[in-house]
Each structure stands twice: as C-alpha cells, then as structure tokens.
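Written out below as structure tokens is the structure these notes cover.
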Amino acid sequence: MSLVRSLIQRWRRLIGEMTAFGIIGVINTGVQYAGVNFFHLALGLNVLIANVLATVISATSSYFMNRHWTFRHRSRSSLHREYILFFIFNGIGLAISSAVLWLFTYPLHLTSALWVNVAITIGLVLGTLFRFFTYSKWVFKHPDDALYEQDDEPTAATEVVPDKTESRQ
C-alpha cells in the first residue's frame, strides 16, 4: 500500500507542478508574443533578434515565477547555479524556437504577421516541452534526486534524539 500511496503523491505533485508551469507559461507566452511583435513589427528589428530580446524578457519573468511558485517546495540550491542552468536550458529552448522562425522566414519565405505568429506558436510548444522536463529534472531539484547535495551537519529537524525511557533502564 505504501508504494501506491507514494505513486499517488508523486502524481499529485507532478499535476500541481504542470498546472502552475502552464499558468506561468500562458503569462510569459503573452509576454513573448507581445515582445516579438513589438520589436519586429513596431520597431522593425529582424525577427530573430526580436525573438531573442522577447525570450530574455519572458525567461527572466518565468524564472522568478517558477522558482517562487511552481517549484517552491523543491530544494533551493544556489541562486547562481539555478539561474545559470535555467538560462542554459532557455538558450536551448530559444534555439528551438529560432530554428522554427528561421525555417518559416528564410527557406519558406512566410514572413507576414500571421506566419510569424504561427512559427512562434510552434517554437513555443516545442521549447516549452523541453523546458518543463529540464527545469524539473536539473534546475529545480527535488530533495529525493541523486543530484541533491545534503549538508553533512544534521539540523534540528533531522537530528536523532535518544529516547529518554531507554536511558532510565
């Protein structure tokens, strides 16, 4: 029964993480679309440069939202470590979405606002799948993960206190 209870708990945690990740994703997708459209259509920047700028803005927002909501129950390694890994994986996600934009823009010559937004959507879906699994596996580690570094010193919560009834015997 313990195995079943453990699996149910893990499933509930995963559903909760995916829900929060999805809500944050919707918010930052809006930031991404607004950013690309503003930088590309309003300011006239190259679509790939517009995508990079919008990704930096939405990724920074996403990091703080995910750290403090989606994965708040996970252990906190150093902010420096998390932030670096987060942006490495976002860089890969950016490469995925940029590849889709490049494909639509250059070989296919689909450059209207509609096609730019279709390409952004496809790139975001592929990048989001990649990001969720990498964030949950390597950026915001769970204490049960092998990568989690435990302190050598016991804390008050983990310290074993001898039973006083045994010392009276």
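With this note's numbering, letter number 14 in the sequence shown gets -3, and the count goes up by one each step, no holes. Each residue gets a CB set at the ideal place from its N, CA and C atoms; glycine is no exception.
Please confirm whether residue i and residue j have their CB atoms less than 8 Å apart.
{"i": "T53", "j": "A96", "result": "no"}
{"i": "G76", "j": "G110", "result": "yes"}
{"i": "S(-11)", "j": "Q15", "result": "no"}
{"i": "V19", "j": "I103", "result": "yes"}
{"i": "L36", "j": "F47", "result": "no"}
{"i": "S81", "j": "E0", "result": "no"}
{"i": "F72", "j": "T117", "result": "yes"}
{"i": "L31", "j": "L84", "result": "yes"}
{"i": "R55", "j": "E65", "result": "no"}
{"i": "I7", "j": "S45", "result": "yes"}
{"i": "F115", "j": "W98", "result": "no"}
{"i": "W(-6)", "j": "L68", "result": "no"}
Looking at the unbroken alpha helix (DSSP H) that takes in residue i, where does it start and where does it end?
{"i": "T94", "result": "Where T94 is concerned, there is no enclosing alpha helix (DSSP H), given that its DSSP letter is neither H nor E."}
How would you label residue i, buried or exposed, when you count the other beta carbons within 10 angstroms and need 16 or more for buried?
{"i": "F123", "result": "buried"}
{"i": "Q(-8)", "result": "exposed"}
{"i": "N29", "result": "exposed"}
{"i": "A78", "result": "exposed"}
{"i": "A33", "result": "buried"}
{"i": "S61", "result": "exposed"}
{"i": "S107", "result": "The sequence given here has Leu at residue 107, not Ser. By the 10 Å Cβ count, L107 comes out buried."}
Quick check on residue i: does DSSP put it in helix, strand or coil?
{"i": "K124", "result": "coil"}
{"i": "Y89", "result": "coil"}
{"i": "I6", "result": "helix"}
task = Just list the alpha helix (DSSP H) runs in the region 12 to 83, keeping only unbroken ones of 4 residues or longer that don't cross its boundaries, in chain order.
result = 30 to 48
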